[in-house]
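Below is one structure, written out as structure tokens, with a few remarks after it.
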Amino acid sequence: MKERCKELPEELWESILNRLALDHDDYRDLRFPSLVCRQFLSITNKIRRKFVANADVFYIYGCEALCRALERFKNLKEMELSLYRAKSDVNYPVLKIAYSGLDLQSLCFGRFPICPSADTFRRLSSTMNNLKILRCSEFDSLRDIDLVPIADAFPRLEELDIQRNRNMFGPQKVLYPKLSDQFVTDAGIEAMSRNLRGRGLRSIDISGNYFCSDLSLVALSSNCVLLNEIKCRRCDITRRGIDWVLSHSPNLTSLQAEFYGSSRNSAFPFDDTEISATGGSKKKKKMITATGLRELDIEGSDDKEGLLRSIAKAGIPLEKLSLCGQLLYQSHRLTTLLRAFPILKHLKVRNGYWVNDGNIMIDICRCLPNIEYIELDGCYSLTATTFSVLAKECPALSEITLINGYMRDDFVVNLERNYRVVYLDLTYTRGLKDKLLKDIVVACPNLQTLKVWGCRQLTKEGLEEILKCCPQIKHLTSAKYGEILSKAFNTLPNQN
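Counting in my numbering, the sequence shown runs from 56 upward without gaps.
This is the structure:
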């Protein structure tokens, strides 16, 4: 009689399934284990916190798949809904969620043709008392009249995302201003912010709403005083609006903005003089009250350098800075500004065509003694020396991203080593060859993640050699990865 195998303890199975869940933040790898047995269902129900319902889940037998999922997983805290069909009933699946008994904290709508009705939002809010994050960034049609019901329905909201990712009417907004009746405008933001006054909204994203101007920022910073994060890319924003936010948002810690020198809305009713760190000059200037600002991401055609100087003079210790645009074409101006932020830990530079491996790169690195993450996007003069300089001048650096650029081998012998670097992303870096990549990876003895997707001059053999000499690498992203795995499986001994 065969000896019966001992069953693994539930704690061990939970550890195994939990490891599967770590691979994707939507817990997709737990779908099939949950169908194996009741024990696995119980474990996955315990550890699963997020569910992503795509179009297939909606359209199979009238949301039956969605209903089954809501019955199976009772501990969900986050849900993402993706609905693609233009004539779909957007209210039905939302009402199913409302009556599911779940206590959601985060709800994300994706690719909805229209916004659910005000009544649907009210019913949802009556059962989701702890909903704190609402993302409506993928509605095909989000209008002013939709905003107030959202604000009324969810008084405990801390994060609201109403960005518009697809807008075909931006260029025509001056010629056809009545189109604003179908979009989110300053009037809608102002009405919504009044309804949220005195509540706990901490973060808002209005990016992509081309009819939102400086007046939207005035309304938000005036009515939602607890805001610590504002995102306003691809809006009708100017330096005046940014100045107003910085002088009227004492709790602001993060700002992402794209601003320009002129606006279609010239009726800015407030004093638009330039902000100052100290004031006191003959010209009346605003004081920066956002002294807690730590993250700044700016782009556009207006005076970014002047804005950064004002922030530097105020003694605000930025920790994360992302720049894109005209300022970057004169490197000495950038290094001058970087010296004003000595504790900077995160730097992202886009369209940095001027970066090379001479004194410019050395000067930049010397301005970043505490940098932990650096990203250079679109640099076309990278060499092995770039890594040597980064390793030598930036001892705290642990993550490097050099993407969408060009790299050549300058045949540097014995690259400076950096034992802190664990992450390297060289996605779509042209000119990168096997030998140069190997030299770079060997100079990072503790590297765990390597991304080289789109690097066409790399070979399967070269990547295999790198993985052999650098066994500490745990994650590889490459078009050749499938070929490497196939070869590895084919070399396994035959068990028959």
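Cβ coordinates follow ideal geometry from the N, Cα and C atoms, glycine included.
Using a threshold of 9 Å, state whether the C-beta atoms of Leu-202 and Phe-238 are closer than that. no
Excluding sequence positions up to five away, which residues of its chain have a Cβ less than 7 Å from the Cβ of Gln-550? Any reading at Gln-550 must be qualified, since the residue scores a pLDDT of 49, below 50, and its modelled position is unreliable; the value itself is stated next. Taken in chain order, the list of residues that qualify is empty.
Could you give the residue range of the beta strand (DSSP E) that holds Met-247? Unbroken run through Met-247 is the alpha helix (DSSP H), 241-250; no beta strand (DSSP E).
Would you kindly report the start and end of the unbroken beta strand (DSSP E) that includes Arg-288? 284-293 is the extent of the beta strand (DSSP E) around Arg-288.
For Ile-398, count neighbouring Cβ atoms within 10 angstroms of its own Cβ and tell me buried if that reaches 16, exposed if not. Classification of Ile-398: exposed, given that the 10 Å Cβ count is below 16.
Among the candidates Glu-133, Tyr-428, Ile-458, Gly-460, whose CA atom is the shortest distance from the CA of Cys-449? Tyr-428
Mark Val-468 as exposed unless 16 or more other C-beta atoms lie within 10 angstroms of its C-beta, in which case mark it buried. exposed
In terms of alpha-carbon separation, which member of Lys-129, Pro-148, Leu-445 lies closest to Ile-415? Leu-445
Fully enclosed by the stretch 415-473, which beta strand (DSSP E) runs are 3 residues long or longer? 428-432, 454-458
Would you check if there are 3 or more beta carbon pairs closer than 8 Å linking the stretch 167-180 to the stretch 243-250? no
Alpha carbon to alpha carbon, how far is Lys-403 from Val-496? Give it in angstroms, no decimals. 22 Å
Please report the residue range of the alpha helix (DSSP H) in which Asp-207 lies. 199-208
Using CA coordinates, which residue listed in Phe-164, Lys-515, Trp-508 is at the minimum distance from Thr-482? Taking only the C-alpha atoms, the option nearest Thr-482 is Trp-508.
Distance, Arg-295 Cα to Lys-338 Cα: Residue confidence for Lys-338 is low, a pLDDT of 49 falling below 50, so the modelled location carries little weight and cannot support an answer.
Alpha carbon of Leu-487 to alpha carbon of Leu-270, nearest angstrom: 47 Å
Note down the Cα distance separating Asp-216 from Ser-262, rounded to an integer number of angstroms. 9 Å
Do Asp-480 and Leu-452 have their CB atoms nearer than 9 Å? no
Option nearest Glu-193 by Cα separation, candidates Asn-185, Arg-219, Lys-286: Arg-219
Assign His-387 to one of two classes, buried (16 or more other C-beta atoms within 10 Å of its C-beta) or exposed (fewer than that). Under a 10 Å Cβ-count criterion, His-387 is classified as exposed, with fewer than 16 other Cβ atoms of the shown protein chains found around its own Cβ.
Val-497 (DSSP reduced to helix, strand or coil): helix
Beta-bridge pairing of Lys-403 - partner residues as DSSP gives them: Ser-377, Glu-430
Output the residue ranges of the beta strand (DSSP E) runs that lie fully inside the stretch 155-180 and measure 3 residues or longer, sorted by chain position. Complete beta strand (DSSP E) runs here, min 3: 161-165.
Which stretch, first to last residue, makes up the alpha helix (DSSP H) that contains Gly-361? 359-368
Inspect the beta-carbon positions of Arg-166 and Lys-132 and report whether they are closer than 9 Å. no
Cβ-Cβ distance between Phe-164 and Leu-186 below 9 Å: In this structure, Leu-186 does not lie closer than 9 Å to Phe-164 by Cβ.
Could you tell me whether any Cβ in chain C is nearer than 9 Å to the Cβ of Ile-398? Note that chain C does not occur in the displayed structure, where there is just one protein chain.
DSSP three-state label for Ile-271, please. It is worth fixing the name first, because residue 271 is Ser in this sequence and not Ile. DSSP places Ser-271 in helix when its eight states are reduced to three.
Glu-520, enclosing alpha helix (DSSP H) - first and last residue: 515-524
Helix, strand or coil, according to DSSP, for Val-300 in the structure here? helix
Alpha carbon of Ile-419 to alpha carbon of Thr-390, nearest angstrom: 6 Å
Going by DSSP in three states, Tyr-315 sits in which element: helix, strand or coil? strand
Of all the options Leu-392, Leu-423, Ile-417, which has the alpha carbon lying nearest to the alpha carbon of His-401? Leu-423
Between which two residues does the beta strand (DSSP E) harbouring Leu-479 extend? 478-480
Three-state secondary structure (DSSP) of Leu-348: coil
Count the other CB atoms, across all protein chains shown, that sit within 10 Å of the CB of Pro-500; report buried if there are 16 or more and exposed otherwise. exposed
Could you compute how far the alpha carbon of Asp-432 sits from the alpha carbon of Leu-125? A straight-line Cα-Cα distance of about 42 Å links Asp-432 and Leu-125.
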